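Heads up: the structure comes next, in structure tokens.
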Amino acid sequence: SRACLEYHYTGKYYPVYPVKVNQQKAVIDGILKVDPDRVGLEAGSRAELLTIIALSGGGPVVCNGYKDRTYIRLALMAMRMGLTVFLVVEKLSELAIILQEAEKLELEPQLGVRVRLSSIGDHRWQNSGGEQAKFGLGSSDLLSLVEQLAQVDCLHWLKMMHFHIGSQVTSLDSFESGLIEAGCFYAELYRLDVRMTTIDVGGGLAVDYEGQGTTDFCSMNYSIEAYAQTIVRCIKQTCDQYGLPEPDILTESGRAMTAHHAVLITNVVEIERRVDLLTQSQQVHADGSVLEHVSDQTVEQLLNRLQQSRKDFTAGKLDLTELAQSETSYYSKLQSIYRQQKLVNDHPAFDESNALLHEKLADKVFCNFSLFQSMPDVWAFQQRFPILPLSRLDEKPARRGVIHDLTCDSDGSIHHYVEQHGIESTLPLHEITDGERYYLGFFLLGAYQEILGDMHNLFGDVDSINIYLDEKGQSHYYSAHKGDSVADLLRYVQIEPELILEQLLLKLDNVVLDAALKKEFMTMFTTTLQAGTYLEQSK
Numbered sequence: 010s011r012a013c014l015e016y017h018y019t020g021k022y023y024p025v026y027p028v029k030v031n032q033q034k035a036v037i038d039g040i041l042k043v044d045p046d047r048v049g050l051e052a053g054s055r056a057e058l059l060t061i062i063a064l065s066g067g068g069p070v071v072c073n074g075y076k077d078r079t080y081i082r083l084a085l086m087a088m089r090m091g092l093t094v095f096l097v098v099e100k101l102s103e104l105a106i107i108l109q110e111a112e113k114l115e116l117e118p119q120l121g122v123r124v125r126l127s128s129i130g131d132h133r134w135q136n137s138g139g140e141q142a143k144f145g146l147g148s149s150d151l152l153s154l155v156e157q158l159a160q161v162d163c164l165h166w167l168k169m170m171h172f173h174i175g176s177q178v179t180s181l182d183s184f185e186s187g188l189i190e191a192g193c194f195y196a197e198l199y200r201l202d203v204r205m206t207t208i209d210v211g212g213g214l215a216v217d218y219e220g221q222g223t224t225d226f227c228s229m230n231y232s233i234e235a236y237a238q239t240i241v242r243c244i245k246q247t248c249d250q251y252g253l254p255e256p257d258i259l260t261e262s263g264r265a266m267t268a269h270h271a272v273l274i275t276n277v278v279e280i281e282r283r284v285d286l287l288t289q290s291q292q293v294h295a296d297g298s299v300l301e302h303v304s305d306q307t308v309e310q311l312l313n314r315l316q317q318s319r320k321d322f323t324a325g326k327l328d329l330t331e332l333a334q335s336e337t338s339y340y341s342k343l344q345s346i347y348r349q350q351k352l353v354n355d356h357p358a359f360d361e362s363n364a365l366l367h368e369k370l371a372d373k374v375f376c377n378f379s380l381f382q383s384m385p386d387v388w389a390f391q392q393r394f395p396i397l398p399l400s401r402l403d404e405k406p407a408r409r410g411v412i413h414d415l416t417c418d419s420d421g422s423i424h425h426y427v428e429q430h431g432i433e434s435t436l437p438l439h440e441i442t443d444g445e446r447y448y449l450g451f452f453l454l455g456a457y458q459e460i461l462g463d464m465h466n467l468f469g470d471v472d473s474i475n476i477y478l479d480e481k482g483q484s485h486y487y488s489a490h491k492g493d494s495v496a497d498l499l500r501y502v503q504i505e506p507e508l509i510l511e512q513l514l515l516k517l518d519n520v521v522l523d524a525a526l527k528k529e530f531m532t533m534f535t536t537t538l539q540a541g542t543y544l545e546q547s548k
């Protein structure tokens, strides 16, 4: 809206939230609450559309995705109920059904058309736009759509042009090239007597998960202000060039609208240390065994010695005790080298040799969550999310760690961590003592993660609560929800918990146990079915 004022743009702006990004009702309600008469919603399925019809305020409703007769009829019914609906034609085959159903309901629908641009950006999801895009009409189908509507005297139904450049677009250059091409389509459609009132520029507004301001796929090199200015400027230039009216503008920036709202908080359940912190006397002894001048070659030489020891063990030249001593010596010396380098450099993470030391010395940190349930994008394509300790914030972390989840899957690990000066392969952590309740926060999880999460190893939804900050900065807690129980997950995979319990009790009857112990077993089976799927802290 500020960009429209800056460029004296006469069209209106409507932000539209694609509910596929996060369908949680609290999220939809929170977004609509900002301006219910202006904020719109976008649907990509019948289930989403039905939800939107019920929850929508006065903002536009955009109907995208594959459509059958039921989907189309629902959209037309929403129009009949007074909602501002744009029924977007994404496949030419949809038009015949739209014409039939509109005639049955005796209304003139407000149609949109998704144009398939040839412009693609240099970003991970570039194929959601461009010639290989799943949706949209090419030039031939677009002409056919216009001709078919004109033949039945319904060309005036076509009110909106929609296009999509991509998701998480990291550079404004991609937006600009797409907007220029889209402007040509808009001008040509106007020349063909299609009087568009609205342009939907789709999504693509990125989130800087890394905070680096780059074109890396988890970052962005522009501000939201620059993004808005680029859209308004490019559309206005097209209108000025061809003498066209300035259309209303819709955006579908779902990721940017929701990513910041969600954080996962979990506890560390176990630490596997490469090397424990040495006592003062041990440290003095270890330091004495390290050359005063530390070089990259020193670390490499130590690694070569360890590899030779492992070869000797395989060849039968070393026994298990000797191999263990060799590995202990290796990690102790690496620890000493790291300490010496820290004395010289307060920021050892900036040195490549220290990054290698971080990896070699990193603790394995097992946390009470499922990567596949809570952060599936990390598993799918190494998405980077900010991760921070939430405990002992007044202490400087002294160790490094690599996070692993609870699943029995080697992919359940995180290997990229956002730090102040770039991406690291390890995370700064404190020295965590046995039994300590140490918590980590995983941030910017609000877009896609909740709905895409799966139930690998039958780990389900976690407990959740919504927190609202008022104008005075006061916290208000509401809508607390328990996570999935074991019984919930079993039902999802079509295993009835009651049947499982029945079979367990039958097997228990065939075991010779005293009555008290048998009762304890029965209680354990029952309570486990009703309990959550994650580990419980010892009481």
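Sequential numbering of the sequence shown, starting at 10, is according to this note's numbering. Where is the CB? At the ideal position from N, CA and C, for every residue including glycine. Note that the structure is a prediction, hence the values are computed from the model and not measured.
For Val94, the uninterrupted beta strand (DSSP E) segment begins and ends at Val94 to Val98. Around the CB of Asp202, fewer than 16 other CB atoms lie within 10 Å, so the residue is classed as exposed. Here the alpha carbon of Gly462 sits roughly 7 angstroms from the alpha carbon of Met384. One Cα belongs to Gly450, the other to Val471, and the distance between them is close to 14 angstroms.
In this structure, Val308 is the residue among Leu327, Val308 and Asp386 with its C-alpha nearest to the C-alpha of Gln349. Of the residues assessed, Cys417 falls on the exposed side of the cut-off, its CB having fewer than 16 other CB atoms within 10 angstroms. In terms of CA proximity to Asn363, Ser345 leads the group Ser345, Tyr22, Tyr477 and Asp414. Under the DSSP assignment, Ile412 falls in the beta strand (DSSP E) whose first and last residues are Arg408 to His413. Between Tyr543 and Val241, the gap from beta carbon to beta carbon reaches 7 angstroms or more. At the C-beta level, Arg409 and His465 stay beyond 7 angstroms of one another.
Listed in chain order, the beta strand (DSSP E) elements of length 3 or more contained wholly in the segment 142–195 are 167–171. At a Cβ-Cβ threshold of 7 angstroms, Val97 and Cys72 count as neighbours.
Per DSSP, the continuous alpha helix (DSSP H) segment holding Tyr501 begins and ends at Val495 to Tyr501.
Leu50 places its beta carbon less than 7 angstroms from that of Val28. Here the C-alpha atom of Leu101 lies approximately 56 angstroms from the C-alpha atom of Phe534.
Listed in chain order, the beta strand (DSSP E) runs fully inside the segment 430–477 are 431–433, 436–438 and 448–451, counting runs of at least 3 residues. The C-beta of Asn377 has 16 or more other C-beta atoms within 10 Å across all chains shown, which makes the residue buried. Between Ala271 and Gly421, the C-beta spacing is not below 7 angstroms. The DSSP-derived three-state label of Ser102 is coil. A residue is called buried when at least 16 other Cβ atoms come within 10 angstroms of its Cβ; Tyr487 does not meet this threshold and is exposed. Tyr75 is not bridged by DSSP to any residue. With 16 or more other Cβ atoms inside 10 Å of its own Cβ, Pro118 counts as buried. Residue pairing from DSSP places Leu273 in a beta bridge opposite Phe451. For Asp257, the enclosing beta strand (DSSP E) has its first and last residue at Asp257 to Thr260. One Cα belongs to Leu370, the other to His424, and the distance between them is close to 14 angstroms. Arg89 is a Cβ neighbour of Leu114, given a cutoff of 7 angstroms.
Lys373: member of the beta strand (DSSP E) spanning Asp372 to Cys376, first to last residue. A direct Cα-Cα distance of roughly 18 angstroms separates Ser379 from Pro398. Distances from the CA of Lys76 to each of Pro69, Val70, Ile106 and Leu64 were compared; the closest alpha carbon is that of Ile106.
Nearest Cα to Gly68 within the set Tyr80, Val94, Thr206 and Thr60: Val94. In this structure Glu511 is exposed. Its beta-carbon is surrounded by fewer than 16 other beta-carbon atoms within 10 angstroms. In the three-state reduction of the DSSP assignment, Pro398 falls in the strand class, which pools E and B. Look at Glu110 here: in three-state DSSP terms it is helix.
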